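So the structure is just underneath, and the comments pick up after that.
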Amino acid sequence: MPPPLSIRFSPEGIYLPEIDLWLDPRRPVAHAWFSHAHSDHASGRPTLVLATERTLELYRLRWPESTDVVQTLEPLRFGVPVEWKGATLTAWPAGHIVGAAQLCIEADGYRVVYTGDIKLNPPICGITTTVVQCNRLIVESTFGLPIYHFLDQTEARRRILQFAQETLAESATPVFLGYPLGRGQEIAHVLATAGIPTSVHGAMHKFLPIYEAEGYAFPGVEAYSAKNGRERALVVVPGMRDYLEARGDVRVAYVSGWAALANARTRANAHELIPYSDHADFSELLDLVAGTGAEQVDIVHGYAEPLARILRDRGYNAQAAIAQMERLEEGEA
Amino acid sequence: MTFDQLAETCERVAATPSRNRKVALLAGYLGELDEANLVRATRYLTGQPLPGERKLSLGHAALRGALIEATGWDLETIRLCYREVGDTGETIGLLLHSATRNLPLALEQAEQDYLQIFAGRKSADRIARLAEAYLSYRPLSVKYFVKVITGNLRIGLQERLVEEAVAMATGHTAGQLREANHKVGRLADVARAAFRRELDQVAARIFHPMEFMLAKPIEQAPAIEDPAAWLVEDKYDGIRSQVHAGEGIVKIFSRGMEEVTSAFPEVCAVFAKAPVAVAMDGELLAFRDGRALNFTVLQQRLQRKQVSNDLLAEVPVIFMAYDLLHLDGEATPHLPIEQRRDLLARHLPAGAMLSPQKPLNSLAEVDSEFEQARARGNEGLLLKKKGSIYEPGKRGNNWLKVKRVFATLDVVITAAEQGHGRRATMLSDYTFAVRDGERFLNVGKAYSGLTDDEIRQLTRILRGSAYEKFGRVMLVKPEVVLEVGFDGIQKSPRHKSGFALRFPRILRWRQDKQPDEIDTLDGVRALYTASLG
């Protein structure tokens, strides 16, 4: 008997025809699940959006209500099942950023779990991933090669603080580069709660209230302006780098999964590499896959082909779901 | 102080862009070592695993083979990982993550391991011993254990910096160390003498290759300020070599300090008769009827360990001498060029040739000399500063090579490829095209000429305009315009245009130009016709 849920993969997103639901679609659709609020996952204006409450708040900051399209936003609470067209949908934490969730779809006792972007080890900001038992797992593979090993959050905090303190002690400005949502808030939280005066880019600053609602403090953190940029740690988007360098002695730390490789130093032009990510590293991915007990594994994003092969060598029924052009979009890794 | 600490120090050296800080970090480490370990550490830092002249000769296949044996990873995964990392030692270290016994590694133990591996008689033995070493130590230490084998640590640490660190660690000036290293050419030996405070007793040793002095490329003569300060010679398209000879023994070393003596018996015969011990710098050239033959002819000789009489007759090789490194037990690099040249001429054995040299009188002469050098079948010109010393291993401002751009073209990038090493994740190699109506047809590929910053920007732009990917190569929409210079044009089936540029190099990124403004295939055809002369 075929499983009660089938899955279609395409460059436009992942679609479950039996229950008419798109997962992180990339084109306008009727019903969508947004795993988290990064723009390569939550974008456009589906008529109905299912997501966690935090994800919906973050999405609304980027995609404010429109008079042209009437949208219904339907919040899911972690661990609380809702009925959907004959199936049950349950959100579970994914650790990636605040609000990030996996979706478990169950029909006739058959379970599919879509991880979205996921981190297995506890994050600095966000809820630690729940490993959900399932029959079929759809998992990302941004860092799905055995060369990627990341620091745990305790060690990452230590390195972030050490870099900021040493740099300030030498009268230079510590600069952390990051995308507007996720890493930036984590770094600002670590710095500010350790008493280091910190300014963050405006694009990051606007998300702070949502992080604060989630229980993360940012004492004394200001939105960056040319006036408050001195003798403070700065957390800014990569585009500001040249401007800051022209203004004084800055040293740049690159906090990212890509910082696991020495060539990130040239690539990011960074002084300090801190390999910490909001994605799972290779061994976390293997642990996650094993923990779910999935009989079938579909891999999206990143090193899908090689990871599928590695998993097949270990006895899994695994395939690369989307033949993607790897790394063309670096996403918000 | 251990190999583990050496690896940690190297990581910190890699992390700092400051030259002074690199030297200070290294000196701090070296200063704690006893004599034997100082010599070992210096050797490792200069990419030499074994003491003496011995070479470990382990290729990438063996290094990977041992990794397969140690970890069970398949070759395909290893290749893919290497492609992302761009460095063999680092890839191996990363793939050994939490797979090793993390035993401490002493500098001496590393040497014993290298010797053990070296002593393996069959390739399988060497690989097994290497795999054993991989699994024994901390992954970070294995990373550097392998980097030493590959001969290049790739942490922004030129030998000059190691020299300065040894000087600082032993209480000498950088100048004292450098002077001694010029004589010996092997920093580990100099470090030993420095430790014993016997630097003044360091003597040049014949039959040990010295680093070659290198020339900085310039495109145009106006880069020279005062023409009268320069000497001019032809630049040959041969094999840069040193011949060491004395008491009937001859050794020939090529770039990379490889000994190639047995490939050139006729040169050995010439130098076997040298009346006093000499070491000379020059070029091996296939030479007939008074002129150098094409490099491709010479290449036939290079691969041979034994040379047949037929080949000797077909491709006769001479040594074109142009500098003197040792004479009668004394090192000569510290002498001014005029004096070295004079001694060279007087001690050149019969049968070797002396590269013609003359003073430069005017800038205009650079052009005429260049044309004449080309007419003689040589590559271009070398300009050497009057009064300059021979600086081993240095690419400074005292030797300049004039390579002339034959012409320049504005082209558009059609494909981009990942670079290697520190450029491993950037798109730094570009295939480019000229316009033919609505089509863009490739004419060449180049990777040098842009700054890291420009490459970083271009990488972002090109990733955004990629439409197809094959392995390391991405096909991109023709949008980015470059100006390229090159030495010539030849017909080639390799590119759709039917032409290929010789030695193309990127002159600048033309952000002011659109793809419809670039040069056309007709223009290339006209340049080709003109080049036939």
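From first to last, the protein sequence lines are chains A and B.
When you read off a place in the first sequence, starting at 1, and then add 572, the result is the number in my numbering.
When you read off a place in the second sequence, starting at 1, and then add 664, the result is the number in my numbering.
Virtual Cβ for every residue (Gly too), placed ideally from N, Cα, C.
Quick caveat: nothing in here was measured; it's all calculated off a predicted structure.
- Rounded to the nearest angstrom, the Cβ distance from A/I669 to A/G688 is 10 Å, too far for a contact under 8 Å.
- Leaving aside the five residues that flank B/G753 on each side, the residues in its chain whose CB is nearer than 7 Å to its CB run, in chain order, K807, Y808, V810, K811 and T814.
- Distance between B/K1160 and B/Q1154, taken at the CA atoms: about 13 Å.
- Annotated three-state conformation of A/C676 is strand, per DSSP.
- Straight-line spacing of the CA atoms in B/G1051 and B/E1002 works out to 7 Å.
- Here A/Y888 is near A/V869, since their CB atoms are less than 8 Å apart.
- For B/V848, the enclosing alpha helix (DSSP H) has its first and last residue at A838 to V848.
- Close to chain A, meaning a Cβ-Cβ distance shorter than 8 Å, are the following residues of the segment 735-761 of chain B: W737, D738, E740, T741, L744, C745, E748, V749, G750, D751, E754, T755, L758, L759 and H761.
- For B/L1064, the enclosing beta strand (DSSP E) stretches over residues R1059 to V1066.
- In the DSSP assignment, B/G753 falls within the alpha helix (DSSP H) that extends over T752 to L759.
- Around A/A893, no beta-carbon contact reaches into chain B at under 7 Å, the shortest distance being about 18 Å.
- Using a 10 angstroms sphere on the CB of B/D1183, the tally of other CB atoms reaches 16 or more, which defines it as buried.
- Membership of A/F715 in any beta strand (DSSP E) is not indicated, and neither H nor E is assigned to it by DSSP.
- Shown here, B/H990 sits in a strand according to DSSP, grouped into three states.
- Secondary structure of B/V749 (DSSP, three-state): helix.
- Taken in chain order, the members of the segment 701-726 of chain A whose beta-carbon sits within less than 7 Å of a beta-carbon on chain B are L717, P718, I719 and H721.
- Between B/V907 and the set B/V942, B/Y900, B/E889 and B/W894, the nearest pair of CA atoms involves B/V942.
- The Cβ-Cβ distance between B/V703 and B/R856 falls below 8 Å.
- Along the segment 1084-1165 of chain B, the alpha helix (DSSP H) occurs as fully enclosed runs of 4 or more residues at 1116-1128, listed in sequence order.
- In the structure shown, the three-state DSSP call for A/L753 is coil.
- With a threshold of 16 other beta carbon atoms within 10 Å, A/H761 meets it and is buried.
- Beta-bridge partners of B/I882 (DSSP): B/V1066.
- The CB of A/P878 comes closer than 7 Å to the CB of T741 and L744 in chain B, given here in chain order.
- As the crow flies, the alpha-carbon of A/P791 is around 53 Å from that of B/L794.
- For the segment 731-746 of chain A, the set of residues with a beta-carbon nearer than 7 Å to any beta-carbon of chain B is empty.
- Our two residues, B/I1125 and B/V1076, have alpha carbons roughly 13 Å apart in a direct line.
- Bounds of any beta strand (DSSP E) do not take in A/Y788, whose DSSP letter is neither H nor E.
- Beta-bridge partners of A/A825 (DSSP): A/F748 and A/E844.
- Of the candidates A/I579, A/A604 and A/A741, the residue whose Cα lies closest to the Cα of A/V822 is A/A741.
- Residue contact with chain B for A/N693: absent (no Cβ-Cβ distance below 8 Å to any residue of chain B).
- Close to A/E844, with beta-carbon spacing below 8 Å, are these residues of chain B in chain order: A679.
- By the criterion of a C-beta distance shorter than 7 Å, B/G1085 is surrounded in its chain by G750, D751 and R818, once the five residues flanking it on both sides are discounted.
- Counting the other Cβ atoms within 10 Å of the Cβ of A/Q674 gives 16 or more, which makes it buried.
- Inter-segment contact for the segment 674-691 of chain B and the segment 840-847 of chain A is present: three or more beta-carbon pairs are separated by less than 8 Å.
- In terms of Cβ geometry, B/V848 and B/R869 form a close pair [threshold 8 Å].
- For B/S905, the uninterrupted beta strand (DSSP E) run begins and ends at I903 to G910, by DSSP.
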